[in-house]
Amino acid sequence: MRLITNTNIIVDDFELAKDYKLDTFIHFLTHFHQDHWQGMTPLWNYGKIYCSKITKQFILNKFPKIERIVSLDMNHIYYLNLKTQDLTDRIENEFTIEVALFSANHIPGSTMFLFRGYMGTILHTGDFRYNKSMITQNPILFPQYQSIQIDELIFDNTYCDPMFNFPTADIVAQQMIKIIENNIKKRVLIAMGALGKEVIVMEICKYFKTKIIVIEEKYNQLIASSTENMNLFTTDRKGYFIEIIKRSHREQIISQYLEEAKENFICINTDFLMQSHRDPDGINYMVPYSLHSNYQEMRTFVNAIKPAILKKLVIPYENFAEYRRKVRINPVKGFQGYLKRLKTNGESGYSTLIRECTDFTKISKNYTKWMTETKFRGLMEQLGVQLEPDRKNRKRKVDQVMPKPTIKQCIRELEKQYIYSKKPEKVESLEDISNRLKATNNNQQITKFLKKPQQIEDVECKNDEEEIYNIIQEYLHFHDNDA
Ligand SMILES: [Zn+2]
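Mapping of the sequence shown onto my numbering: position 426 corresponds to residue 426, and the numbering continues sequentially without gaps.
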C-alpha cells in the first residue's frame with residue numbers, strides 16, 4: 001500500500017478509503033495479486049480505479065459488478081486531474097498530473113506507475129522482475145537511455161538482500177527441462193503459488209510438444225488475462241503428462257499419489273530461491289523461480305534510475321498493522337525520518353542501495369516545497385482530503401445497489417466452499433471457521449449459525465445482517481485466492 005506523496009492517489013490498497021468520504025482517493029492497482037487488491041469487494045465503489053487493460057479484465061472476472069474502472073495503455077503519457085479524478089487531454093490546472101504505465105514483467109497486466117506534476121516525479125514499481133528492456137525500450141522513463149530525474153522511487157524490495165541470487169527465467173526453464181528429461185515417462189506435477197508463473201511452463205511444453213493441465217479456475221484466469229497460446233492449456237487430465245498444481249495443494253496431492261500407488265510421478269517446486277537444485281529425493285525437485293527481481297537486478301534498476309529518495313514497497317508483515325496505524329496520509333514526518341536515515345549507515349541491502357544508488361542532491365523543488373505541515377495541510381484541503389480517518393464512514397451502505405444475498409445464502413456459500421467442497425486442501429471444521437470469525441467479530445450470532453447450520457431458518461438476525469454479511473464476504477474473498 002502506498003499513498004503517493006502529496007497527492008490523493010493510493011496504490012494497491014482498497015481498505016484505507018473505507019475510513020474516508022467517498023471519492024476522497026483515486027485508486028491505482030499495479031497487478032491482480034490478492035495482497036495488492038485486498039479490500040476490494042463485489043460492489044466496491046469508494047473511488048475510481050485505474051489500471052492496465054489486463055488487470056481490469058482480472059478485476060471484472062472476479063467482481064463483474066464493479067463500475068468506474070479505467071484501463072490505461074502502457075508506455076503512453078496520460079493527464080489526470082486529481083480534483084475531478086478524470087483523465088483530460090491536456091494540463092488543465094495545477095492539479096493535473098502526468099501518469100504513465102510501464103510493464104513490470106511480474107504477471108500478465110502488471111505495471112509500474114510514473115506520476116509527474118506539482119509534487120515532483122514519483123515512480124512506483126509495483127512487484128517487478130527486472131529485464132533489460134525496461135531501460136532500453138522505455139523512451140518515457142529513459143529518453144536516450146538516461147533516466148529522467150525521479151524524486152521518489154518506491155521499489156519492490158521483496159528480495160532485497162545479496163543472498164538472493166536466483167537465476168533468470170530462461171535458466172530455470174532449462175533446469176526444469178533437464179529434470180523432466182531425467183525422469184522421462186513420469187507424470188510431472190509443477191507446484192506454483194500465485195498467478196503469473198505459467199509462462200515458464202509454456203516454454204517447457206513447447207519443448208516437449210505437449211499441453212499443460214490446469215484446474216478450471218486457473219484456466220479461466222488465463223483466458224481473462226488474454227494469454228497468448230491458450231491452446232497450450234487444457235483442463236483435460238488424460239492424455240497429457242505435465243500438470244500445474246496449486247502450491248497449497250502440493251502435500252495433499254503427493255500423499256494421495258503415494259497412497260493410491262498411482263503411476264510414477266515427480267513434483268517440481270518453484271519457490272525455493274536459496275536452494276537451487278537441492279538434492280532430489282526421487283520425487284521432489286526444486287527450481288529457484290521468482291516473479292520478483294533478484295538483488296543484482298534490483299540494484300541495476302535502482303542504479304539506472306538514481307532516484308533522490310528510495311522507498312521500500314514491502315513492509316514486513318509483522319510491522320504492517322503498526323505501519324498502517326502510524327502512516328495515515330501525512331508524508332512530512334516520513335520525509336524528516338528519511339533525512340535522518342541518510343546520515344546513518346545501515347547494513348541491510350536496502351541501506352546499501354540508498355548509499356550507493358541514490359542521489360539526494362537531485363531532489364526537485366516541486367517535491368520539497370510541500371514538506372512542511374502548513375503547506376501539506378493547505379494542499380490536502382485543496383484536494384478535499386480530510387486528514388484524519390473516520391471509522392464512522394464504514395457504516396455507510398456503499399454496497400447496497402444490488403439486492404444482497406440473505407444470511408442464509410451467505411452461510412450456504414460458505415459451507416459450499418469450505419465444508420463440503422472436494423478440494424484437496426485441509427478442510428476446516430465449522431468450529432474452526434466459527435472461531436476465526438469470532439476473532440474478528442464478537443458476534444454470537446455467527447457462532448450459532450455455523451455450529452448448527454441445520455437451524456439457520458430459526459435464527460432471527462435482522463439487526464446484525466449487514467455486519468455479518470460484510471464479515472462473511474470479507475472472509476470469503478480473503479481465502480479464495482493465492483497471494
Ligand atoms: Zn505480485
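Glycine is no exception: its CB is placed at the ideal position from the N, C-alpha and C atoms.
For residue i, the first and last residue of its enclosing beta strand (DSSP E)
i, result
"Leu80", "Tyr78 to Asn81"
"Leu313", "Leu313 -> no beta strand (DSSP E), and no H or E assigned at all."
"Ser52", "Ile49 to Ser52"
"Lys218", "From DSSP, Lys218 is part of no beta strand (DSSP E) but of the alpha helix (DSSP H) over Glu216 to Ala224."
"Tyr285", "Asn284 to Met286"
"Thr111", "Thr111 to Gly117"
"Met192", "Arg187 to Met192"
"Ser103", "Thr96 to Ser103"
"Ser71", "Ile69 to Leu72"
Residue i versus the options, residue with shortest Cα-Cα distance
i, options, result
"Met286", "Phe376, Cys267, Gln149 and Asn330", "Cys267"
"Glu356", "Ile184, Ala304, Ile122 and Glu92", "Ala304"
"Tyr338", "Lys362, Lys311 and Thr352", "Lys311"
"Phe28", "Ser71, Val199 and Lys333", "Ser71"
"Thr518", "Gly239, Val332, Asn231 and Ala169", "This structure gives no information on residue 518, because the portion of the chain shown stretches from 1 to 483."
"Met163", "Asn366, Phe376 and Gly349", "Gly349"
"Thr358", "Glu373, Gly109, Lys369 and Arg341", "Arg341"
"Leu119", "Thr136, Arg68, Ser110 and Ile97", "Looking at the sequence provided, one finds Met at residue 119 rather than Leu. Of the candidates Thr136, Arg68, Ser110 and Ile97, the one whose C-alpha sits nearest the C-alpha of Met119 is Ile97."
"Ile9", "Asn75, Lys56 and His124", "His124"
"Arg187", "Phe233, Val199, Pro307 and Arg237", "Arg237"
"Asn105", "Gln57, Ser147 and Ser52", "Ser52"
"Thr158", "Arg90, Glu297 and Ile245", "Glu297"
"Asn229", "Ala173, Lys211, Ile245 and Asp13", "Lys211"
"Ile150", "Gly117, Phe166, Gln256 and Tyr130", "Gly117"
"Leu153", "Asp127, Gln174, Asn131 and Glu181", "Asp127"
"Arg394", "Glu260, Asp12, Lys18 and Phe166", "Lys18"
"Asp281", "Ser293, Phe265, Asn294 and Tyr295", "Phe265"
"Glu217", "Leu82, Ile244 and Ile122", "Ile244"
"Asn111", "Met74, Ala261 and Thr136", "Reading the sequence as shown, one finds Thr at residue 111 and not Asn. It is Met74 whose Cα lies nearest to the Cα of Thr111."
For residue j and residue i, believed in contact at Cβ under 8 Å, the rounded distance
i, j, result
"Asp86", "Val314", "Incorrect: roughly 31 Å between the Cβ atoms, too far for contact."
"Ile26", "Gly39", "Incorrect: roughly 15 Å between the Cβ atoms, too far for contact."
"Tyr79", "Ala100", "Actually they do not touch by this definition, with Cβ atoms about 11 Å apart."
"Ile91", "Leu114", "The Cβ separation is near 16 Å, so there is no contact."
"Ile213", "Thr234", "6 Å"
"Ser147", "Lys365", "19 Å between Cβ atoms; not a contact."
heavy atom of ligand 1 below 8 Å from residue i C-beta
i, result
"Gly484", "Look at the range of the chain in this structure, 1 to 483, and you will see that residue 484 is not part of it."
Own chain residues within Cβ distance below 7 Å of residue i, not counting five before or after
i, result
"Tyr420", "Residue placement at Tyr420 is poorly supported in this model, since its pLDDT is 41, which falls under 50; the coordinates are not used for a value here."
"Lys197", "Thr270, Tyr289 and Leu291"
"Ile177", "Ile204 and Tyr207"
"Glu425", "In this prediction, Glu425 scores a pLDDT of 47, lower than 50, which makes its location untrustworthy; the coordinate-derived value is nonetheless stated afterwards. Cβ within range, chain order: Ser248, His249 and Gln252."
"Asn284", "Cys267 and Asn269"
"Asp23", "Gly47 and Gln85"
"Gln400", "At Gln400, the pLDDT of 42 sits below 50, so the modelled position is not reliable; the number obtained from the coordinates is stated separately. No residues qualify anywhere along the chain."
"Phe241", "Arg187, Val188 and Thr210"
Same chain only: Cβ atoms within 6 Å of residue i, ignoring 5 sequence neighbours per side
i, result
"Pro42", "Phe63 and Lys65"
"Ser103", "Met74"
Same chain, Cβ closer than 8 Å to residue i, five either side skipped, listed in chain order
i, result
"Asn61", "Asn220, Gln221 and Ala224"
"Met202", "Ile212, Asn229 and Leu232"
"Lys369", "Lys375"
"Ile59", "Leu29, Phe32, Trp37, Met40, Ile49, Cys51, Ile66 and Ile69"
Residue span of the alpha helix (DSSP H) that contains residue i, given as start and end
i, result
"Ser255", "Arg250 to Glu259"
"Arg299", "Tyr295 to Ile305"
"Ala169", "Ala169 to Glu181"
"Tyr207", "Glu198 to Phe208"
"His36", "Gln34 to Trp37"
"Lys375", "Glu373 to Leu383"
"Thr358", "Looking at the DSSP string, Thr358 is not in any alpha helix (DSSP H), and its letter there is neither H nor E."
"Ile244", "That residue, Ile244, is in no alpha helix (DSSP H); its beta strand (DSSP E) goes Ile242 to Lys246."
"Ile135", "Ser133 to Thr136"
Test item, CB below 5 Å from any non-hydrogen atom of ligand 2: What this structure holds is ligand 1, not ligand 2.
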